[in-house]
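Written out below as structure tokens is the structure these notes cover.
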Amino acid sequence: MNYPLTLSAILRRMKQAVSTRKVFTQTNQGKIHCYSYGDCYRRVCQLAHALNRLNLKPGDRVGTLAWNTFQHFELYFAVPCWGGVLHTLNLRLSSEQLIYMIDEAQDQVIFVDETLLPLLEKIAPKLSSVKSYVLMGGDRSQKTTLSPVFYYEDLLEAGFDCFDWPELHEEMAAGLCYTSGTTGHPKGVLYSHRSQYLHAMAVCLVDTLGLSARDTVMPVVPMFHANAWGLPYAAVLVGAQLAFPGPFLKAIDLASFLQEVSVTVAAGVPTLWLGLFQELKTGQYKTDHLQRLVVGGAAMPRSLIESFEKELGISIIHAWGMTELSPLGTTTAGLRFDSSDSQIYDQKAKQGLPAPGLEVRILGDLPRDLNEELPWDGKTPGKLQVRGPWVVSSYFQASHPALLTQDGWFDTGDISTIDPQGCIHLVDRSKDLIKSGGEWISSMALENALMAHPEVMEAVVVAMPDQKWGERPLAWVVLKNKSVSTLPVKTLKDKLQIELSKTFAKFWIPEKIDFVQEIPKTSIGKFDKKKIREQVLKEQTGLN
Ligand code: ADP
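Adding 5 to a residue's 1-based position in the sequence shown gives its number in my numbering.
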């Protein structure tokens with residue numbers, strides 16, 4: 006049957022099959038807002054009437070600058086199912102980057118959370134495409150310099166709670182997300198209804214993230230980053246409940262919220278779970294319901310996976326993906342282990358098997374190997390390429406260079422091995438690899454090993470220019486007990502180097518290990534290697 010794969014079909018499920026399931030939000034006022042998918046559907050209809058009144062045309066981009074909340078969730082459905090394109094803006098990027106993205110996307114209206122008003126007010130005079138603003142949150146008395154401005158709840162009150170939804174084509178654009186700019190300028194990725202639908206189905210499969218009606222899912226990964234990993238659409242598809250933490254992302258707030266609404270699965274980047282682990286370890290929370298954490302966006306340290314599973318009984322699904330992949334690429338959920346397998350945690354620290362629907366391959370890096378596929382032997386690293394129905398084919402603006410290889414694969418910019426099971430193991434981002442004396446060093450492998458040391462909380466490794474070797478690795482380490490180590494710094498540094506030399510060749514060991522109070526993070530909580538490299542360079546050239 007030729008049935009259009011659109012988000013409207015998932016919206017119909019919200020109204021019919023799963024209408025009694027609930028959505029929880031930690032509001033700006035610190036209370037828990039709770040309603041059913043059925044209530045949500047009625048508000049989505051009211052919102053669609055509001056989009057009509059805002060004089061939008063089908064295909065127009067509608068910007069959102071918001072935390073993970075029920076109102077943002079309503080926009081996730083109303084905008085694309087009405088025929089518009091939802092453009093989720095990363096609230097942690099700089100003013101210049103926000104202006105660049107809004108301008109490139111030609112956003113017509115921006116929905117903004119009341120707590121983020123100062124951010125938008127500052128850049129609004131420079132936004133030529135935006136015709137109006139809508140203020141979300143609970144406070145209708147809030148004053149703003151944005152103009153013309155409407156209050157979200159007033160707009161909804163004026164609308165009916167049913168809507169005559171248009172028939173959409175599955176190839177129509179539904180959402181626009183920019184990469185978080187870890188390695189360069191953010192680039193826009195346009196998702197179609199079809200890609201989102203198929204991605205949502207893939208997310209629910211048992212051997213990917215295994216979402217079902219038995220779950221309450223807490224996406225801590227922001228709704229402004231790669232569609233919160235597609236979880237809002239996947240949850241509605243299967244009737245999983247949703248728990249949105251709003252702006253409260255500290256470990257202590259997440260721990261209380263997940264306890265209060267009995268979260269079964271939560272998703273976010275590794276740095277988040279580091280803090281949560283310390284919090285849950287205090288034993289103050291009842292978390293029997295919390296079965297699994299989905300971790301992606303950066304490598305989850307092996308030691309932390311083991312600690313969560315052995316000490317707290319919470320299983321870790323390690324996932325790899327990118328904005329350009331909607332974002333799910335691989336997960337470890339489908340790996341099978343022999344119970345006697347002593348290497349279980351080595352395996353779980355890898356990035357896992359491709360989600361059903363995606364194909365992967367690795368290619369050689371040297372010009373003569375360019376079109377040569379490398380073996381899946383778990384040893385040979387190569388450029389990781391993917392293809393599949395939710396992989397991007399070009400960036401939003403034609404000004405960006407062509408994306409796909411001549412034979413139709415997307416080059417991820419990651420370097421990986423693939424083992425005979427099909428499990429990928431990322432060596433590094435190609436831009437983060439360190440080339441020392443003509444040989445490659447993986448910053449990711451060194452970070453993982455450093456974070457396994459009992460005194461180390463976080464560690465990052467970057468390339469430092471070196472006259473003799475070209476580049477040398479430099480490590481920044483944050484200790485668990487930031488101010489006091491049990492050992493003098495020099496002794497601890499020696500110990501870390503000795504520890505590393507048990508696993509790595511001599512030339513891999515960083516001569517320079519600095520102990521710092523904090524590691525700079527990107528807008529979505531990854532180690533900001535671009536910034537660290539800049540800082541190191543400044544220090545080296547004496548500019549600091
Ligand atoms: P940005 O490119 O701005 O960082 P993305 O979130 O799209 O935004 O980044 C995707 C990249 O993040 C991947 O190409 C990979 O380098 C890295 N990444 C994602 N998941 C993992 C993981 N589980 N392990 C290691 N690296 C990861």
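Just so you know, even glycine gets a beta-carbon here, dropped at the ideal spot from N, CA and C.
May I ask you to report which of helix, strand or coil DSSP gives residue i?
i    : result
V67  : strand
H204 : helix
V494 : helix
W325 : strand
F165 : coil
P332 : coil
Q289 : coil
F155 : strand
R219 : coil
Y2   : An answer regarding residue 2 cannot be provided, because it is not within the stretch 6 to 549 covered by the chain.
H54  : helix
K384 : coil
I529 : coil
Y183 : strand
C209 : helix
I423 : strand
P359 : strand
L12  : helix
D44  : helix
S24  : coil
C428 : coil
D108 : helix
L132 : coil
D374 : Since pLDDT at D374 reaches only 49, below the 50 mark, its modelled position is unreliable, and the value read off the structure follows with that caveat. Correct three-state label for D374: helix.
D343 : coil
L409 : strand
Q102 : helix
I503 : helix
N549 : Because the pLDDT of N549 is 44, which lies under 50, any placement of that residue in the model is unreliable, and the number read from its coordinates should be weighed accordingly. Reduced to three states, the DSSP call for N549 is coil.
R17  : helix
N7   : coil
A510 : coil
A239 : helix
A450 : helix
On the DSSP letters alone, give me the boundaries of the alpha helix (DSSP H) that residue i sits inside.
i    : result
F282 : P275 to K286
W234 : A231 to W234
I537 : K534 to Q545
K3   : Because the chain here runs from 6 to 549, residue 3 falls outside it and cannot be looked at.
Would you list the residues sitting across from residue i in a DSSP beta bridge?
i    : result
V483 : E463
N73  : G251
D416 : Q390
I319 : Per DSSP, none; premise fails for I319.
G88  : DSSP output for G88 lists no bridge partner at all.
E476 : P470
Q246 : T221
V270 : V222 and R297
H458 : BP columns for H458 are empty, so no partner.
Between which two residues does the beta strand (DSSP E) harbouring residue i extend?
i    : result
D118 : D112 to D118
K440 : I439 to S441
E364 : E364 to L368
I310 : Here I310 belongs to no beta strand (DSSP E); instead the alpha helix (DSSP H) covers R307 to S312.
F29  : K27 to Q31
E444 : E444 to I446
I518 : K517 to F520
L261 : The amino acid occupying residue 261 in the given sequence is Ser; Leu does not appear at that position. Where S261 is concerned, there is no enclosing beta strand (DSSP E), although the alpha helix (DSSP H) it sits in stretches over A256 to E265.
R297 : R297 to V300
V139 : S137 to M141
I'd like to know whether the C-beta of residue i is nearer than 8 angstroms to at least one C-beta of chain D.
i    : result
W395 : Reference to chain D is not applicable here, since this structure consists of a single protein chain.
Let me check you understand the geometry: is the CB of residue i closer than 7 angstroms to at least one non-hydrogen atom of ligand 3?
i    : result
P332 : Within the structure as shown, ligand 3 is missing, the only ligands being ligand 1.
Validate contact between the region 201-208 and the region 95-115 using beta carbons, cut 8 angstroms, 3 pairs:
no
Any chance the region 257-268 sits against the region 213-229, with 3 or more Cβ pairs inside 8 angstroms?
yes
State whether the region 152-164 contacts the region 61-71, with contact taken as three or more CB pairs (one from each stretch) at a distance under 8 angstroms.
no
Can we say the region 408-427 touches the region 346-361, given the rule of at least three CB pairs closer than 8 angstroms?
yes
Is there contact here, the region 462-479 with the region 442-453, by at least three beta-carbon pairs under 8 angstroms?
yes
Evaluate contact between the region 361-369 and the region 340-347, counting only Cβ atoms and requiring at least three cross-stretch pairs below 8 angstroms.
no
Taking 8 angstroms as the cut-off, does the region 175-193 touch the region 74-92 (at least 3 CB pairs, one atom from each stretch)?
yes
Check whether the region 302-319 touches the region 189-196, taking contact to mean three or more Cβ pairs, one atom from each stretch, closer than 8 angstroms.
no
Pairs of beta-carbons, one from the region 266-274 and one from the region 140-156, closer than 8 angstroms: are there three or more?
no
Using a Cβ distance threshold of 8 angstroms, determine whether the region 38-51 contacts the region 10-23, with at least three qualifying pairs required.
yes
Contact between the region 410-419 and the region 387-396 is defined here as three or more beta-carbon pairs at a separation below 8 angstroms; is this criterion met?
yes
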